[in-house]
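*Asks:* Questions regarding the structure given below will be posed in turn.
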Amino acid sequence: MNADQFFEIVDGWQLKITKFDPEQLIHYGSNLLCGNGYLGYRGTLPEWGKEEYQACIVSDTYDMADGKWRELSNAPNGLATELLLADQSLDFSPVKNLNTNLSFNYQYGIFKRNSKLKNVINRSSADKLEVESERFASYSNLHLIANKYQLNNLNQDKLLKIRLGIEGDVWDLNGEHLTNLKNDYETEQAVLYLQGTTVESKIDLVTAMSFNFKQGLVKNMRIISRAKSIYLELTIQPENNSCKFERNMVVYSSNDLTDPLAAAIKTAVQAREKEYKQLLIEHQQCWDVKWAVMDIKIKGNLLDQLAIRFNLYHNIIATPAHSEYLPIGARGLSCQAYQGSAFWDQEIFNLPMFLFTKPEIAKNILKYRYHTLDGARKKAQDLGFAGAFYAWISGKTGQELCPDFFFKDMISGRKIRNHFNDWQIHVSPDIGYTIWKYYQVTDDLDFIFNYGAEMLFEIARFIHSRVHYNDRQDYYELIRLLGPDEYHENIDNNVFTNYQSQFVLKKAIYFYHLLLNKYPEELARIKSSIELTETEITAWQRIAEKFYLPEPNQANLLEQFDGYFELEDTTAEVIKKRLINNQEYWGWPNGIAVFTQVIKQADVIQLFTLHDIFNQDILAANYDYYEPRTQHGSSLSPSQYGIIAARIGRSELAYQYFKKSAFIDLMSTNKAVSGGTFIGGIHTAAAGGIWQLIINGFSGFKLTKSGLEFNPALVEEWEELEYKLNYRSAILQINLTPAKLKIKLLDMQTEKPVEIKVKVLAREYILEPDSQLQIKL
Ligand code: BGC
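Per the UniProt record's numbering, the very first residue in the sequence shown carries number 1; after that it's consecutive.
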């Protein structure tokens, strides 16, 4: 893969797209996304519309417009722009020779464009009209997108018309969400707005727009109100052959506050008063605080450095860190695919980066799971189970959003009944596992008292109700399910799910006893609120002791599920030839992978990245076995293989997986449509996976019972790796070179400083306050 095909590297934070390719519009829109966890504005030109996939996805606006898919809504586009010279519209259609450069700064989420238009009416071809614009989605005010726009090389004597509008006709995936559109120009405040109400959920969504001309005289203004949009047409006399204005798009919904229109207008006015420069400074300060702990620096390869920042940036802006009530969407806020909702990706892929840098964000993410417990309880109940069976696709309420029919059989055109929603049960133990990890890192007992214990108990209850006792074998097992590998449905004893479930049962029992012995009042409160009985705890204990945990066989191999080794042994390359239609779904019930050992994504390997319980020989044997049989049909997969490759000392292979994962979006390697369903947009789990691959893979970081452990496997290409870890309120800076590992205690945000135990390549050290370790490798 060659990066030059897609972009030029400006520096470790910025890229530039100089060879504009109209085929890449979907990817540009996602990769060059301005976002802040509240909204995501796609990387499109202000002159573009829905045909160019323009959209601004807003969190907390779930709605079902087509009777099938509940997804987030798009705000009307408050940056819509039309330019007219001599009453003729200038054409910015995304054709191959559109002379446009796009650039993006991932440090501050700034989108820039520069277009040069030749042959514009009444001009010689040498005389190019230049359009520059720049924008960011503010982190100091989440409702605001600030924009500046400039036209150069204008003909001084010719009047120009600029239409600044709010366009309600936007790129929606599954139906138009806004009805009852109302628009107006508030003359007193000089703010334009367009408001609509979502079809099913009846949320009012407002976009307001204010502007301010910095150069160019406004000679005339008229309002153009259309069915789905409102524009102000401004007639401008250029000044010094230029025209320059600033503009603010503001979005509010009735889920944010009771009068979103008033709030949007007020914010639009305030933003205009502050001006772009000041807004940018405030926004940059917010990013500086994040990067101070979240940045990962490497020396030795600028492209990799940029790719790392790209992925960290996207994991950050996908995350609604401002709220404890909202999920991280599998495609973040880059488009409506995957319904703006959380999968297991959220805990297992997105969260670890926050857990070890800004644990308060990890806490918010877990609190979201607490607030959606009722949805999980309902799902369990509806399917005849107890406790909390979390939704496979979880939106605001936690009720299951995953439709019964997800993909389509591309040959017959018939719907496929996938069982992601009722059989992919590992999501519940995955959440339980993460509660434990959060506790291990933060020691936050209050969280356990108020949220964690109740969730764990409810998850344990679910597992209890879901297991079967196999009396011939005298063990408890989990049958009829899917593990992480989604191609094989209706399988029994998925090794990943069994280990995860037993682990979580044990942790529920652990907290039960911890509370019983030390905090009986807390336990009594929780027990009475969820009517938990001693008999249940005894049953969990029995199940945990007799849980079927498949062991490695004589060849050190763990069988992914019962009977897996008997399936046709082949590879993805071989079976790919069996496809009749390229867009065919490979999995259940009849796809080309179903009766073979070809798997979609890391499964046994996924178990290894979460549980450090197998020795190196077992890791290596399973890596060698499963690696050639894995298609990596999910973007979740490569980072996990990379971590294990690094752990077994194959850092060059790990590096290949780094490339595969880091460039999924940057080099547009993933398909946007599968089985007839649009699945494009930013792969936020892969973005989070990059953090894990570097920290847990290349620097070999592990959290153990006694402290922190490092078994570095730095790739040759990188001369140095530097990052920070937040562990129990201490901020550590890690510097790794091929020869040396340096661990420095930067800050201890706690009253009682603690000693931190560190193990490096099996040797133990103590990191004391104000000290640093330097270890030769
Ligand atoms: C993967 C799942 C993942 C989902 C959302 C699917 O393709 O197989 O593991 O949770 O995408 O990212």
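Glycine included, every Cβ here is placed at the ideal spot set by N, Cα and C.
In this structure, how does DSSP classify methionine 221 when only helix, strand and coil are distinguished?
*Replies:* strand
*Asks:* Quick one, which of Glu764, Leu761, Val673, Glu722 has its alpha-carbon nearest lysine 744's?
*Replies:* Glu722
*Asks:* Which class does leucine 261 belong to by DSSP, given the choice of helix, strand or coil?
*Replies:* helix
*Asks:* Just to confirm my understanding: we take glutamine 14, look at its own chain, exclude 5 residues before and 5 after, and list those with CB closer than 6 Å. What are they?
*Replies:* Asn105
*Asks:* Within the region 21–81, note down every full beta strand (DSSP E) run reaching 3 residues or more, in order along the chain.
*Replies:* 39–41, 56–58
*Asks:* For tyrosine 185, which residues of its own chain have a beta-carbon under 6 Å away from its beta-carbon, when the five flanking residues on both sides are left out?
*Replies:* Leu192, Ile223
*Asks:* Take every Cβ of the region 96–111, pair it with every Cβ of the region 128–143, and state whether three or more of those distances are shorter than 8 Å.
*Replies:* yes
*Asks:* Would you please state the rounded distance, in angstroms, between the beta carbons of valine 467 and glutamate 458? I believe it to be under 8 Å.
*Replies:* Their Cβ separation, rounded to whole angstroms, is 15 Å, which puts valine 467 and glutamate 458 out of contact at 8 Å.
*Asks:* What does the alpha-carbon distance come out to for the pair valine 206 and leucine 102?
*Replies:* 28 Å
*Asks:* Leaving out five residues before and five after glutamine 541 in sequence, what residues of the same chain have Cβ atoms less than 7 Å from its Cβ?
*Replies:* Closer than 7 Å at Cβ, skipping near neighbours: Ile509.
*Asks:* Would you tell me roughly how many angstroms separate the C-alpha atoms of lysine 742 and phenylalanine 701, rounded to the nearest one?
*Replies:* 13 Å
*Asks:* Opposite valine 206 in the DSSP bridges: which residues?
*Replies:* Gln195, Tyr252
*Asks:* Give every residue of the same chain whose Cβ lies closer than 7 Å to the Cβ of glutamine 339, excluding the five residues on either side of it in the sequence, and list them in chain order.
*Replies:* Trp69, Arg70, Glu71, Ile393, Gly395, Leu401
*Asks:* Shorter than 7 Å, the distance from the beta carbon of proline 327 to the closest heavy atom of ligand 1, or not?
*Replies:* no
*Asks:* Rounded to the nearest angstrom, what separates serine 125 and phenylalanine 349 at their Cα positions?
*Replies:* The predicted model places serine 125 with a pLDDT of 45, which falls under 50 and marks its position as unreliable; any figure quoted below should be read in that light. Each residue's alpha carbon lies about 52 Å from the other.
*Asks:* If you measure from each CB to the nearest heavy atom of ligand 1 and keep those under 6 Å, what residues do you get, in chain order?
*Replies:* Ala330, Tyr338, Phe343, Trp344, Asp345, Pro484, Glu486, Lys600, Gln601, Ser634, Leu636, Ala685
*Asks:* Using 8 Å as the threshold, is the C-beta distance between aspartate 345 and alanine 662 below it?
*Replies:* no
*Asks:* Keeping to the same chain, check which residues put their C-beta closer than 8 Å to that of proline 403; ignore five residues upstream and five downstream.
*Replies:* If we look at proline 403 and ignore the five residues flanking it on each side, its Cβ neighbours are Lys68, Trp69, Asn421.
*Asks:* Mind pulling the beta strand (DSSP E) runs of 3 or more residues that sit fully within the region 640–725?
*Replies:* 701–703, 708–710
*Asks:* Do alanine 380 and ligand 2 come close, with the Cβ less than 7 Å from some heavy atom?
*Replies:* Judged by which ligands are present, ligand 2 is missing from the structure shown, whose ligands are ligand 1.
*Asks:* Determine the direct distance from the alpha carbon of glutamate 764 to that of arginine 331, and round the result to whole angstroms.
*Replies:* 41 Å
*Asks:* Below 8 Å on the Cβ atoms is my guess for glycine 168 versus tyrosine 231; work out the distance and round it to an integer in Å.
*Replies:* Actually they are not in contact, since the Cβ atoms of glycine 168 and tyrosine 231 sit about 11 Å apart, beyond 8 Å.
*Asks:* Which stretch, first to last residue, makes up the beta strand (DSSP E) that contains phenylalanine 104?
*Replies:* 100–105
*Asks:* Ends of the beta strand (DSSP E) at tyrosine 476?
*Replies:* 475–477
*Asks:* Quick check: the region 436–453 against the region 493–501, are there 3 or more CB pairs under 8 Å?
*Replies:* The region 436–453 vs the region 493–501: no contact.
*Asks:* Between the alpha carbons of glutamate 275 and glutamine 189, how many angstroms are there, rounded?
*Replies:* 16 Å
*Asks:* Roughly how many angstroms separate the alpha carbons of serine 699 and glutamate 717, rounded to a whole number?
*Replies:* 14 Å
*Asks:* If threonine 677 sits next to phenylalanine 407, beta carbons under 8 Å apart, how far is it from one beta carbon to the other, in whole angstroms?
*Replies:* At roughly 6 Å, the Cβ-Cβ gap stays under 8 Å, so threonine 677 and phenylalanine 407 are in contact.
*Asks:* What is the DSSP secondary structure of residue 802, reduced to helix, strand or coil?
*Replies:* Here the chain covers residues 1 to 777 and nothing more, so residue 802 does not appear.
*Asks:* Quick one: what's got a C-beta closer than 6 Å to alanine 263's C-beta in the same chain, skipping five residues either side?
*Replies:* Tyr252, Leu257
*Asks:* Quick one: residues in its chain with C-beta nearer than 7 Å to the C-beta of isoleucine 644, no 5 flanking neighbours on either side, listed in chain order?
*Replies:* Ile605, Phe608, Thr609, Leu619, Tyr623
*Asks:* Taking contact to mean 3 or more Cβ pairs, one atom from each stretch, closer than 8 Å, check whether the region 148–166 and the region 28–39 are in contact.
*Replies:* no
*Asks:* Around the C-beta of threonine 533, are 16 or more other C-beta atoms found within 10 angstroms, so that it is buried, or is it exposed?
*Replies:* exposed
*Asks:* In three-state DSSP terms, what is tyrosine 451?
*Replies:* helix
*Asks:* Who are the near neighbours of aspartate 4 in its chain, counting only those whose CB is closer than 8 Å to its CB and skipping five residues on each side?
*Replies:* Answer for aspartate 4: no residue qualifies.
*Asks:* Suppose the cutoff is 7 Å on Cβ atoms and the five residues either side in sequence are ignored; what does the same chain contact list for leucine 653 look like?
*Replies:* By the criterion of a C-beta distance shorter than 7 Å, leucine 653 is surrounded in its chain by Ala645, once the five residues flanking it on both sides are discounted.
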